[in-house]
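> Supplied in structure tokens, the structure appears directly below.
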Amino acid sequence: LRPALALIDPDQPALPAELLRLLRWAQQYYQHPPGEVYATALPTLLRQASPLQVQLEPIWRLSAAGQAALVQNLARRAPRQTALLQLLADHPTGLSSERLRLALPGWSATARSLR
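Numbering (the numbering used here), first residue to last: 10 to 124.
Structure follows, in structure tokens:
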């Protein structure tokens, strides 16, 4: 997994204008079909036209039952469960498993005990 350097803007050309001019010149000079010339400027994985394999990561959020459990006096009986519920309550858009692991080691066992 690598960090993204930039997002692709659908309103902008995928290739810079200077490169497009060079490719157009090469296409005319060598009398090749434009599609073949432009394809050579694309990264290999884009040229292969294989479908993108997307792996979705689950996002954990606090449910209505979790909200109710947090309101109850759970803190005295189960501090780890309360910590997990409070962490999720503090992030209403949810947290990834990795962020939960960093914030609260052993969170998955705590979450299983809340089922």
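Virtual Cβ for every residue (Gly too), placed ideally from N, Cα, C.
Taking only the alpha-carbon atoms, compute the straight-line gap between residue 124 and residue 63 and give it to the nearest angstrom.
About 29 angstroms.
> Where does residue 104 fall in DSSP's three states?
DSSP places residue 104 in strand when its eight states are reduced to three.
> Would you kindly work out how many angstroms separate the C-alpha atoms of residue 90 and residue 66, rounded to a whole number?
Cα to Cα, residue 90 sits roughly 23 angstroms from residue 66.
> Between the beta-carbon of residue 28 and the beta-carbon of residue 46, is there less than 8 angstroms?
No. Outside cutoff.
> Assign residue 93 to buried or exposed, taking buried as 16 or more other Cβ atoms, counted over all protein chains shown, within 10 Å of its Cβ.
Answer is buried; the Cβ neighbour count reaches 16.
> Determine the direct distance from the alpha carbon of residue 42 to that of residue 54, and round the result to whole angstroms.
Cα to Cα, residue 54 sits roughly 21 angstroms from residue 42.
> Thinking just about the alpha-carbon of each residue, which of 69, 76, 24 and 30 is nearest to the one in residue 51?
Closest by alpha carbon: 24.
> Looking only at its chain, what residues have a beta carbon closer than 6 angstroms to the beta carbon of residue 56, apart from the 5 residues adjacent to it on each side?
Closer than 6 angstroms at the Cβ level, and outside the excluded window around residue 56, lie 48.
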